[in-house]
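A.B. asks: Order-wise, the sequence lines are chains L and R.
When you line the first sequence up against the numbering used here, it's residues 5 to 484, in that order.
When you line the second sequence up against the numbering used here, it's residues 19 to 606, in that order.
Each residue gets a CB set at the ideal place from its N, CA and C atoms; glycine is no exception.
Remember, predicted model here, so these are calculated numbers, not experimental data.
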Amino acid sequence: MGQHTLSWMTALLVLLLAGAATSALAQQYSQAEPVELAVSAEALDSADGDTIRRGAYLARAADCTACHTASDGPPYAGGFAFETPFGTLYSSNITPDAEHGIGDWTQAEFTTALRQGVGKDGKHLYPAMPYTAYTHLSDEDVEALWTYFQHVEPQAVPNERNELMWPFSWRAAMWGWNLLFLDDGRFEPDPQQSDRWNRGAYLVTGPGHCGSCHTPRNLAMARKTDQAFMGHSIQGWHAPRLPAGEGTSDAPGLADWPENEIVQFLQTGAASRSAATGTMKEAIHDSLQYLTEDDLRAIATYLKSLRYEDGETVIATAPTGDNSGLSPSVASRPAQSGTAQAIRIGKMPPPAVPIGDGHGGVTAGERLFMDNCQACHLQGQGMPGAFPALVNNSATAQDDPSNLIKVILQGAQGVQTQQDPTVLTMPDFAWRLNDKQVATLASYVRERFGERAPERAQVSPEQVAELREQVHPPEPDAGH
Amino acid sequence: MAIKKKPVDVVCIGFGMTSSIAAQELTEDGLEVVALERGPWRNTDPDFAYPQIMDELKYGIRHELQQDLSQSTLTFRNKRDQTALPMRHLGSFLLGTGVGGAMVHWNGQTWRGMPDDFRYRSWAIERYGEDFLPDDMTIQDWGISYEELEPHYLRFERLCGISGQAGSVNGEFQEGGNPFAGDRSAPFPLPPLKRVNATNIFDDAAKKAGMHPFPVPAANASAPYTNLYGVRMGGCTFCGFCERFGCYNNSKASPQACIHPVLMPKPNFELRTGCQVTHILLADDGKRATGVRYVDPDGQIVEQPADLVICGAYAVHNVQLLLNSGIGEPYNPETGSGNVGRNYAYQTMGSVDVYFDDEIMNPFVGAGALGQAVFDWQTAAFDHSEHGFLGGAYLVTWQTGGRPINQTRTPEAAGKWGGQWKQALAKSYNSSLSISSHGSSMAYKDCYLDLDPTYKDAFGQPLLRMTFDFHDNDLKMSEFTTNKAEKIAQAMSPTPRLIEKNLRKGPYDIVPYQTTHNTGGAIMGDDPATSVVNKYMQVWDVPNLFVPGASAFPQNFGVNPTSTLGALTYFMIDGIRSRYLDAPGLLV
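And the structure:
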């Protein structure tokens, strides 16, 4: 695979994931949807009803709508545009319309598409479709998905022609890529693990396809399976590492969070130490908020079993403990200042460590923090239930500062979910702070709240400038 | 030709707090509800975003969030023998518009009425005899008791996340609370706001003066809070931009902060903005509302049929709608007949400014209801026999902000501009405070609302005409209570270098800001002969029309109206959901 292909695939992946809602910075309410999207009450009450419900639930878990529904289009009618530097790719209509959708497909063809990335008449699908993960789906689940999609409301929306430059338009090239990188096969439960762990493993590596964002990629843009879930940067957003273990002193993984917080985060996009940013919000909004609590706990169980050791991701023999949310490496550090400890337990600290440069002045970073951040984030403990703490916060603690910089530049909004419909908003500062100021502020935050040594906390104005180019300025609210 | 929409179960006029509560509650029963708001969609993000919202000139002076008076205003006169003229600028009160209504830009001062307030006429006559009331005073009992309303007050407080210190809870008095307040069935949902220097100074002085200070119940959340609908609010950060501004923090109670996250996603709820309701439509026999007529953003006339109409506009706009729709009999001040428009009341305000040497107030650390108050001179808290007036006030030191244009004070002698004024301002900005007397406003024969004979709004409808002046009773009351405020100032420590008293004088001037507490005009009562609505806010003449709001107050008591109108709305909803929906008809 050549250089062009790899960067094309990066671009594709980038835009696939960054695509839909990142420009919609003004908060609008979306109407609540049922779990079973786009099927009639009659279908749900019919003899096939149970299977349809099962398929609808799996479609939520697999998040089919994220790609197969255009932003102003009917469910599953395709037309979602992936803008790449090499042209535009459009998702296909997967409603059972006979002419434009998959109405004339057989179940076998549907199954092959899902698992091997080969569509009707042998047409290869681009791996924007995460068939390398869906290959894990069981026969029963594929059948349920098939039944569901047969009953989804048909939409006579023609498929847009892809507008890709040659040779990317040559689908047959995928044959070679699949040979190298598609590990075709059903999920195999691990008999050593609990049912709950296995369910979680199935959901994460199969329909949930979490690795599509969270696993780093090789030169051919395939996932590096030995580095599973160790984080991946996509157009300025960083999908963080998830496993515990090596390297967590700089970048704690989700595996260290208490199980309840993982569940709450997946359900609502908010937990005391983090708020979902970037396209994770869509994943929560369209998919994860609909999963049952049991399934979310299963996912948490699986994720908490991941460790990074000796340079690869492994399953720990014992799951990571909770340790009040501190990763073992963080907890075992030398005692922090009184301020840091007070922050950690959520108390408003008196300035045990004098704030300032020791000469009666206040550093530039402190000044910026006080003027822009302190009102809501206080002394780093935030306001539990409203504004995230900055200590033990995945954005401040990540090695990769992209998420933090982007959030400072363009603000952040919560996810509207049915469990937690409130969307709280962090304002944007791109218009107010220049690159140097953002760099100074981000460095300060990473040092003070990310608890790094100053030289490891530094963010450069150049890093900020690069990310600023990707930030969309907030649009005035166009009315409801 | 009017466009006729598909009928719905409920249509709500306006989308402020009363309509938001109604829509949220009635959609829970599966009803199809449409809300029509004349103004624009507004939400915390992006309309109240930090730091853009903290712009005193734009929002505080140029009224960006409030009613555009060039489209619609009201006409005003003090006395019947004057010609009313249109109010061309917002002054004495701030009419709102847009989604969220007035609770977007209020301060958050959230009081319950005193138990005796709800039967103030009977109470006064029992204590002082009928002759004590001036002939032209037309106060009435409300037709509802504090006890009936109490659980609904609590509900409203749990909606808003009120921060306060309870007085009497289930008969037991809590130290630090208001000893004159009615009994509560539960404490406030959040602890009181932090104190500041100014409120501590007031607290000490009030105690020295023999009074009983307590923290004011505040709709500025003292901590992050999840309300009774599961909506999350942030904790107040004391930015000092409450009244006239939207809250960027979701910590000031408003429909946006408290209700819309759970209401807006509902499939059986629809909001249409930019839709000005001009008429409530009636059946031919005039005894049933059939829906409403409105003008849509394209200027089209539209009819929305509905089985139930909730008229949830602002108090004075409710009255204007009733009059323009021909509902009930308009009040005739000559003959005294008719009820619609009768008993308009306001608030009687006085103040004392107090200047210190070298105190540090940091007035910019403010929240809309951050204050310490006393109820010792409230409407029903003391013996009026020797004083010759009815009513009362709470005395309070607020710290709501230190904004440069509107929230500074300088001694009279400094003038209003120039070098001397600037020096005085520099001296007093950080070392002064005020004590406000927030007083009641009784109802009188010649204080009323009707339709203006001359002026019309942009939709061709007659403007509302407001006829209102202060009466001696209220001016006397205000002088009395403001003098009590002076006593507190004189007891302050450190000793003030200067105390200046500002007594309210007549005639009522619509220019300087006083309060946005306009009450009455569609008053409640237990007798259809002397009221427009019953205690369920239900129009006697038109049982499927409900008119919640401060328009229902028969007179205005000595506290801000919001919590009471909120409680009345919940009482109304309870009546609709538990009885009316199964058996439509008069609930009383």
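Name the chain L residues whose beta carbon is nearer than 9 Å to that of ASN268 (chain R)?
C.D. replies: Residue 268 (chain R) sits at position 250 when you count from the first residue of the second sequence. The contacting residues are ALA390, THR426, LEU428 and THR429.
A.B. asks: Three Cβ pairs or more, each shorter than 8 Å: is that satisfied between the stretch 289–304 of chain R and the stretch 492–510 of chain R?
C.D. replies: Touching, no.
A.B. asks: THR62 (chain R) to GLN32 (chain L), Cα distance in whole Å?
C.D. replies: Within the second sequence, the letter at position 44 stands for residue 62 (chain R). Within the first sequence, the letter at position 28 stands for residue 32 (chain L). In a straight line, the C-alpha of THR62 (chain R) is about 10 Å away from that of GLN32 (chain L).
A.B. asks: With C-beta atoms as the reference, is GLY389 (chain R) less than 8 Å away from VAL234 (chain R)?
C.D. replies: Within the second sequence, residue 389 (chain R) is the residue found at index 371, counting from 1. Within the second sequence, residue 234 (chain R) is the residue found at index 216, counting from 1. Result yes, Cβ atoms of GLY389 (chain R) and VAL234 (chain R) sit closer than 8 Å.
A.B. asks: For PRO422 (chain R), which option in R:HIS402, R:LEU443 and R:GLY200 has the closest C-alpha, if you only look at C-alpha atoms?
C.D. replies: The residue given as residue 422 (chain R) occupies position 404 in the second sequence. It is R:LEU443 whose Cα lies nearest to the Cα of PRO422 (chain R).
A.B. asks: Compare the beta carbon distance of THR36 (chain R) and PHE287 (chain R) with 8 Å and say whether it is the shorter of the two.
C.D. replies: Residue numbering aside, residue 36 (chain R) sits at position 18 when the second sequence is read from its first letter. Residue numbering aside, residue 287 (chain R) sits at position 269 when the second sequence is read from its first letter. No, these two residues do not count as a Cβ contact at 8 Å.
A.B. asks: Given a cut-off of 8 Å, decide if PHE488 (chain R) and TYR362 (chain R) are closer than it, judged by their beta-carbon atoms.
C.D. replies: Within the second sequence, residue 362 (chain R) is the residue found at index 344, counting from 1. Within the second sequence, residue 488 (chain R) is the residue found at index 470, counting from 1. No. Outside cutoff.
A.B. asks: Based on the DSSP secondary-structure assignment, which residues constitute the bridge partners of ASN238 (chain R)?
C.D. replies: Here residue 238 (chain R) refers to the residue found at position 220 when the second sequence is read from its first residue. The partner list for ASN238 (chain R) (beta bridge, DSSP) reads R:LYS270.
A.B. asks: Ignore the nearest five residues each way along the sequence and tell me which others in ALA461 (chain L)'s own chain have a CB closer than 6 Å to its CB.
C.D. replies: Along the first sequence, one-based indexing puts residue 461 (chain L) at 457. Counting only Cβ-Cβ distances below 6 Å, and skipping sequence neighbours, we find SER447, ARG450 and GLU451.
A.B. asks: So what does DSSP say about LEU186 (chain L), is it helix, strand or coil?
C.D. replies: As a position in the first sequence, residue 186 (chain L) is number 182, starting the count at 1. Residue state, collapsed to three classes: coil.
A.B. asks: Can you give the Cα-Cα distance for GLN163 (chain L) and TYR135 (chain L), rounded to whole angstroms?
C.D. replies: Stepping through the first sequence from its first residue, residue 163 (chain L) is reached at position 159. Stepping through the first sequence from its first residue, residue 135 (chain L) is reached at position 131. First, the residue type needs correcting, since residue 163 (chain L) is Asn and not Gln in the sequence shown. Each residue's Cα considered, the two are about 20 Å apart.
A.B. asks: Tell me the rounded alpha-carbon separation between GLN402 (chain L) and SER309 (chain L).
C.D. replies: Along the first sequence, read from residue 1 onward, the residue named residue 402 (chain L) stands at position 398. Along the first sequence, read from residue 1 onward, the residue named residue 309 (chain L) stands at position 305. Taking the straight line from one Cα to the other gives about 20 Å.
A.B. asks: Just to confirm my understanding: we take ALA236 (chain R), look at its own chain, exclude 5 residues before and 5 after, and list those with CB closer than 6 Å. What are they?
C.D. replies: The residue labelled residue 236 (chain R) in the question sits at position 218 within the second sequence. So the qualifying residues of the chain are GLY126, SER181, LEU211 and ALA387.
A.B. asks: Would you check if there are 3 or more beta carbon pairs closer than 8 Å linking the stretch 189–200 of chain R to the stretch 589–602 of chain R?
C.D. replies: Short answer: they don't touch.
A.B. asks: Could you tell me if GLN89 (chain R) is buried or exposed, where buried requires 16 or more neighbouring beta carbons within 10 angstroms of its beta carbon?
C.D. replies: By one-based count along the second sequence, residue 89 (chain R) stands at place 71. Result: exposed.
A.B. asks: How far does the beta strand (DSSP E) with CYS465 (chain R) in it reach, from first residue to last?
C.D. replies: Translated into the one-based positions of the second sequence, residue 465 (chain R) becomes position 447. Here CYS465 (chain R) belongs to no beta strand (DSSP E), and DSSP marks it neither H nor E.
A.B. asks: Output yes if chain L places a C-beta closer than 8 Å to the C-beta of PRO210 (chain R); else output no.
C.D. replies: Residue numbering aside, residue 210 (chain R) sits at position 192 when the second sequence is read from its first letter. By this cut-off, PRO210 (chain R) is not an interface position.
A.B. asks: Do we get a CB-CB distance below 8 Å when we pair MET387 (chain L) with the residues of chain R?
C.D. replies: To locate residue 387 (chain L), count along the first sequence from 1; it is residue 383. Yes, contact with chain R.
A.B. asks: Does any CB atom of chain L fall closer than 8 Å to the CB of TYR68 (chain R)?
C.D. replies: In the second sequence, the residue the question calls residue 68 (chain R) occupies position 50. Closer than 8 Å to some Cβ of chain L, the Cβ of TYR68 (chain R) qualifies, so yes.
A.B. asks: Look at the Cβ atom of MET234 (chain L), then the Cβ atom of PRO211 (chain L), and state whether they are nearer than 8 Å.
C.D. replies: Counting from one through the first sequence, the residue named residue 234 (chain L) turns up at place 230. Counting from one through the first sequence, the residue named residue 211 (chain L) turns up at place 207. Cβ distance not < 8 Å, so MET234 (chain L) and PRO211 (chain L) don't count as in contact.
A.B. asks: Scan the stretch 87–114 of chain L for residues whose Cβ lies nearer than 7 Å to a Cβ of chain R and list them as they occur along the chain.
C.D. replies: Taking 7 Å as the Cβ-Cβ cut-off against chain R, none of the residues of the stretch 87–114 of chain L qualify.
A.B. asks: Along the chain, where does the alpha helix (DSSP H) containing SER446 (chain R) start, and where does it finish?
C.D. replies: For the purposes of this step, residue 446 (chain R) is taken as the residue at position 428 of the second sequence. Segment 436–446, the alpha helix (DSSP H) holding SER446 (chain R).
A.B. asks: Strictly below 9 Å CB to CB, what residues from chain L border LYS284 (chain R)?
C.D. replies: Numbered from 1 along the second sequence, position 266 holds the residue referred to as residue 284 (chain R). Going along chain L in sequence order, the residues near LYS284 (chain R) (Cβ under 9 Å) are GLN35 and ALA36.
A.B. asks: Pick out the complete beta strand (DSSP E) segments inside the stretch 248–294 of chain L, 3 residues or longer, and give them in chain order.
C.D. replies: Entirely contained in the stretch 248–294 of chain L, not one beta strand (DSSP E) run reaches 3 residues.
A.B. asks: Below 7 Å CB to CB, which residues in the same chain sit around ALA142 (chain R) once its five sequence neighbours on both sides are set aside?
C.D. replies: Locating residue 142 (chain R) in the second sequence gives position 124, counting from the first residue. PHE150, LEU151 and LEU408.
A.B. asks: Could you compute how far the alpha carbon of HIS381 (chain L) sits from the alpha carbon of ILE219 (chain R)?
C.D. replies: Counting from 1 along the first sequence, the entry for residue 381 (chain L) is found at position 377. Counting from 1 along the second sequence, the entry for residue 219 (chain R) is found at position 201. Approximately 30 Å between the Cα atoms of the pair.
A.B. asks: Can you tell me the Cβ-Cβ gap for LEU62 (chain L) and ALA117 (chain L), rounded? I've got them flagged as a contact below 8 Å.
C.D. replies: Within the first sequence, numbered from 1, the residue matching residue 62 (chain L) stands at position 58. Within the first sequence, numbered from 1, the residue matching residue 117 (chain L) stands at position 113. About 15 Å separates the two Cβ atoms, so there is no contact after all.
A.B. asks: In or out: PRO193 (chain L) buried (at least 16 other Cβ within 10 Å) or exposed?
C.D. replies: Walking along the first sequence from the start, residue 193 (chain L) turns up at place 189. Exposed, because fewer than 16 other Cβ atoms sit within 10 Å of the Cβ of PRO193 (chain L).
A.B. asks: Assign ASP27 (chain R) to one of three DSSP states: helix, strand, or coil.
C.D. replies: As a first step, residue 27 (chain R) must be located in the second sequence, where it is residue number 9. The answer is strand: DSSP assigns ASP27 (chain R) an E or B state.
A.B. asks: Could you tell me whether any Cβ in chain R is nearer than 8 Å to the Cβ of CYS380 (chain L)?
C.D. replies: Within the first sequence, numbered from 1, the residue matching residue 380 (chain L) stands at position 376. Cβ-Cβ to chain R under 8 Å: yes for CYS380 (chain L).
A.B. asks: Any idea what DSSP makes of SER464 (chain L), helix, strand or coil?
C.D. replies: As a position in the first sequence, residue 464 (chain L) is number 460, starting the count at 1. Coil.
A.B. asks: In chain R, what lies closer than 8 Å to GLN441 (chain L) by C-beta?
C.D. replies: On the first sequence, residue 441 (chain L) is found 437 positions in, with the first residue counted as 1. Going along chain R, no residue has its Cβ under 8 Å from GLN441 (chain L), so there is no contact; the nearest lies around 15 Å.
A.B. asks: Comparing alpha-carbon positions, which option in L:HIS218, L:GLY251 and L:ALA232 lies nearest ILE238 (chain L)?
C.D. replies: Here residue 238 (chain L) is taken as the residue at index 234 of the first sequence, counted from 1. ILE238 (chain L) has its Cα closest to that of L:HIS218, out of L:HIS218, L:GLY251 and L:ALA232.
A.B. asks: Can you give me the start and stop residues for the alpha helix (DSSP H) that PHE564 (chain R) sits inside?
C.D. replies: Here residue 564 (chain R) refers to the residue found at position 546 of the second sequence. It is not in any alpha helix (DSSP H) - PHE564 (chain R) instead sits in the beta strand (DSSP E) that spans 560–564.
A.B. asks: When the distance is taken between beta carbons, is VAL392 (chain R) closer than 8 Å to PRO133 (chain R)?
C.D. replies: Position 115 of the second sequence, counted from the first residue, corresponds to residue 133 (chain R). Position 374 of the second sequence, counted from the first residue, corresponds to residue 392 (chain R). It is not a contact, given that the beta carbons lie outside the stated cut-off.
A.B. asks: For ASN327 (chain L), does the count of other Cβ atoms within 10 angstroms reach 16, so buried, or fall short, so exposed?
C.D. replies: Looking up residue 327 (chain L) in the first sequence gives position 323. Confidence is the limiting factor: at ASN327 (chain L) the pLDDT is only 40, short of 50, which leaves the residue's position unreliable, though a coordinate-based value still follows. Counting Cβ neighbours within 10 Å, ASN327 (chain L) comes out exposed, since fewer than 16 surround it.
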